[in-house]
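Asks: Counting with the numbering used here, you get residues 41 to 204 for the letters of the sequence shown. Note that the Cβ used here is the ideal one computed from N, Cα and C, for glycine as well. Just passing along the structure, written as structure tokens.
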Amino acid sequence: LQTPPYILGAICSIPTGYYADKVHRRAPFMLGHAVVVIIGFILMGWGPNTGAKLTGVFLSVTGNQCMIPAILTFMSNNIVSAKSRKVAIAFQIVWGAVGGIVGSLMFRPQDAPKYRPGMYAAFAIMVLFMINVIGITTYFWRQNKKADEEGLIIDGVDGFRYTL
């Protein structure tokens with residue numbers, strides 16, 4: 041029963057990646073998929089019936105699966121140095137694995153069947169993620185604006201602009 045949501049997530053991540061590359065933007069897609077995940081969480085935790093809860097599973101898994109490539113690419117696009125990029129990618133993968141461990145521990149057996157503490161923690165993590173994306177994108181936008189208007193050279197590379 042786990043496979044269908046992940047298949048949908050894999051299918052949806054392809055157009056997400058395509059359009060994000062086409063418009064040279066990652067943040068709107070990350071934020072949009074975060075909203076999809078939150079809607080999925082709401083349906084899973086408070087859905088009136090099994091169908092609504094299953095729809096929530098599909099939405100949350102699909103949103104998460106679509107965010108992963110966007111997040112990895114966002115980070116890779118915004119680090120100039122190849123050496124720094126290698127370290128950052130490894131660091132990001134390690135923290136993603138830690139997140140998987142934390143996620144599995146948030147939904148404790150004693151909280152069944154509603155798993156409220158886990159649901160609240162998952163909401164908090166998604167909200168923090170969205171705040172982080174908005175904050176870093178705003179910073180990058182300001183740096184790009186300074187580079188365009190004031191000639192700021194970002195990370196020592198003339199002509200480099202952050203991907204938003």
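1. Tell me the rounded alpha-carbon separation between residue 197 and residue 46.
2. Excluding the 5 residues flanking residue 35 on each side, which residues of the same chain have their C-beta closer than 6 Å to its C-beta?
3. Taking only the alpha-carbon atoms, compute the straight-line gap between residue 188 and residue 158 and give it to the nearest angstrom.
4. If you draw a straight line from the C-alpha of residue 204 to the C-alpha of residue 88, how long is it?
5. Over the uninterrupted alpha helix (DSSP H) stretch that includes residue 122, give me the two end residues.
6. My assumption, with CB atoms under 8 Å, is that residue 96 sits in contact with residue 73. Please give the rounded CB distance.
7. Ordered along the chain, which non-local residues of its own chain (more than five positions away) have a Cβ less than 6 Å from that of residue 53?
8. Which term fits residue 56, buried or exposed, when burial requires 16 or more other beta carbons within 10 angstroms of its beta carbon?
9. Could you name the residues that DSSP lists as bridge partners for residue 194?
10. Reducing DSSP to helix, strand and coil, say where residue 44 ends up.
11. For the 8 Å Cβ check, are there 3 or more pairs between the segment 75-82 and the segment 162-172?
12. Taking the alpha-carbon of residue 101 as reference, which of 175, 48, 176 and 85 has the nearest alpha-carbon?
Replies: Straight from the coordinates:
1. Rounded to the nearest whole angstrom, the C-alpha separation of residue 197 and residue 46 is 39 Å.
2. Nothing about residue 35 can be reported from this structure: the residues present for the chain run from 41 to 204 only.
3. Answer to the nearest angstrom: the Cα atoms are 45 Å apart.
4. One alpha carbon belongs to residue 204, the other to residue 88, and they sit about 38 Å apart.
5. Run containing residue 122: 122-146, per the alpha helix (DSSP H) assignment.
6. The beta-carbon distance between residue 96 and residue 73, rounded to whole angstroms, is 15 Å. This is too long to meet the 8 Å contact definition.
7. Exclusion of the five residues before and after residue 53 leaves 105, 106 and 109 as the residues of its chain whose Cβ lies within less than 6 Å of its Cβ.
8. Residue 56 should be labelled buried.
9. BP columns for residue 194 point to 197.
10. Reduced to three states, the DSSP call for residue 44 is helix.
11. The segment 75-82 vs the segment 162-172: in contact.
12. Here the closest residue by C-alpha is 48.
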